[in-house]
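**Q** Structure provided below as structure tokens; questions to follow.
Residue numbers (this note's numbering): 21 to 236.
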């Protein structure tokens, strides 16, 4: 990933936070005919040494798992996309001063590289789908649990999936959130996003936080 120094994010808690807030990752691996990619939800076990671990599962009908099983030492890439927003030059003070501005796109993203183990153990898979479900259901007033469904039905579903454990070898983050702009431009981006762009609250907060604008 192209990483200008002012966009690098290296704090583990921040990187892990984005993964947990946006767990649908894009799993990318190499096949005989080129790259293969699938979007699947992941769980992060950050305390597993040395660098943490991702857990997920794929449908057995999905051929990507066989590619992974046949190449057990081949590294994979998982991409987690956080908040993003288009940034118009009209929000920049520099536009009024010099006119020397162009549009851009702000975003926060985490990339994880690692080595995959394919798992077909039924007990592991049962724990995986339970943990994944509760990671999303816990905040609901009446959370649904896997055990709410008939056990034979769940067992039949488990037979149709395979598990993945990815031992993390590298994790990197890029928060491109207007840090490279003058203060007045950063203020303009935050105010513009607040007033003109729907569903931009997360990006507004990132622009303010990384741009030193909190409290302004």
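The C-beta atom is built at its ideal place from N, Cα and C for all residues, glycine as well.
None of these values were measured; they are calculated from a predicted model.
Might you give, ordered along the chain, the residues of its own chain that have their beta carbon closer than 6 Å to the beta carbon of residue 153, omitting 5 neighbours on each side?
**A** Residue 153 sits at position 133 when you count from the first residue of the chain shown. Counting only Cβ-Cβ distances below 6 Å, and skipping sequence neighbours, we find 166.
**Q** Have a look at residue 182 and residue 80 and give me their C-alpha separation to the nearest angstrom.
**A** Within the chain shown, residue 182 is the residue found at index 162, counting from 1. Within the chain shown, residue 80 is the residue found at index 60, counting from 1. Spanning the two alpha carbons is a distance of roughly 6 Å.
**Q** Take residue 33 as the anchor and find which of 159, 216, 76 and 66 has the nearest alpha-carbon.
**A** Along the chain shown, read from residue 1 onward, the residue named residue 33 stands at position 13. With distances taken between Cα atoms, residue 33 lies closest to 66.
**Q** For a test of the three-state rule: what should DSSP assign to residue 76, helix, strand or coil?
**A** Indexing the chain shown from 1 puts residue 76 at position 56. Of the three classes helix, strand and coil, the one that applies to residue 76 here is strand, per DSSP.
**Q** Excluding the 5 residues flanking residue 76 on each side, which residues of the same chain have their C-beta closer than 6 Å to its C-beta?
**A** Stepping through the chain shown from its first residue, residue 76 is reached at position 56. Correct list, in chain order: 60, 62 and 184.
**Q** Restricting to Cα atoms, I'd like to know which of 52, 72 and 83 is closest to residue 58.
**A** Mapped onto the chain shown, residue 58 falls at position 38. Considering only alpha carbons, the answer is 83.
**Q** Quick one, are the C-beta atoms of residue 125 and residue 104 less than 8 Å apart?
**A** On the chain shown, residue 125 is found 105 positions in, with the first residue counted as 1. On the chain shown, residue 104 is found 84 positions in, with the first residue counted as 1. Yes, the pair counts as a contact, with Cβ atoms nearer than the cut-off.
**Q** Indicate the three-state DSSP secondary structure (helix, strand or coil) for residue 52 in the structure shown.
**A** Taking the first residue of the chain shown as 1, we reach residue 52 at position 32. Coil.
**Q** Give every residue of the same chain whose Cβ lies closer than 6 Å to the Cβ of residue 186, excluding the five residues on either side of it in the sequence, and list them in chain order.
**A** As a position in the chain shown, residue 186 is number 166, starting the count at 1. Result list for residue 186: 74, 134 and 136, in chain order.
**Q** Check whether the segment 97–113 and the segment 202–209 touch, using three or more Cβ-Cβ pairs below 8 Å as the test.
**A** Yes: the two stretches touch, three or more of their Cβ pairs being nearer than 8 Å.
**Q** When the Cα atoms are used, what is the spatial distance from residue 90 to residue 192?
**A** Here the question's residue 90 lines up with position 70 in the chain shown. Here the question's residue 192 lines up with position 172 in the chain shown. The straight-line gap from Cα to Cα measures roughly 27 Å.
**Q** CA-CA distance, residue 121 and residue 195?
**A** Numbered from 1 along the chain shown, position 101 holds the residue referred to as residue 121. Numbered from 1 along the chain shown, position 175 holds the residue referred to as residue 195. When rounded, the distance between both Cα atoms is 20 Å.
**Q** Where does residue 116 land, buried or exposed, given buried means 16+ other C-beta within 10 angstroms?
**A** As a working mapping, residue 116 is identified with position 96 in the chain shown. Answer is exposed; the Cβ neighbour count stays below 16.
**Q** Quick check: residue 222 and residue 228, are their CB atoms within less than 8 Å of each other?
**A** To locate residue 222, count along the chain shown from 1; it is residue 202. To locate residue 228, count along the chain shown from 1; it is residue 208. In this structure, residue 228 does not lie closer than 8 Å to residue 222 by Cβ.
**Q** Ignoring anything shorter than 3 residues, give me the beta strand (DSSP E) runs that lie fully in the segment 66–135, in order along the chain.
**A** 73–79 and 95–107, all fully within the segment 66–135.
**Q** For residue 146, which of helix, strand or coil comes out of DSSP?
**A** Looking up residue 146 in the chain shown gives position 126. Of the three classes helix, strand and coil, the one that applies to residue 146 here is helix, per DSSP.
**Q** Whole angstroms are fine: how far does the CA of residue 197 sit from the CA of residue 226?
**A** In the chain shown, the residue the question calls residue 226 occupies position 206. In the chain shown, the residue the question calls residue 197 occupies position 177. Rounded to whole angstroms, residue 226 to residue 197 spans 6 Å at the Cα level.
**Q** Going straight from the alpha carbon of residue 88 to that of residue 144, what length do you get?
**A** Locating residue 88 in the chain shown gives position 68, where the first residue counts as 1. Locating residue 144 in the chain shown gives position 124, where the first residue counts as 1. One C-alpha to the other measures close to 18 Å.
**Q** Consult DSSP for residue 257 and reduce its assignment to one of helix, strand or coil.
**A** Given a span of 21 to 236 for the chain in the structure shown, any question on residue 257 remains unanswerable.
**Q** Whole beta strand (DSSP E) runs in the segment 156–219 with 3 or more residues, listed along the chain?
**A** The segment 156–219 contains these whole beta strand (DSSP E) runs: 181–196.
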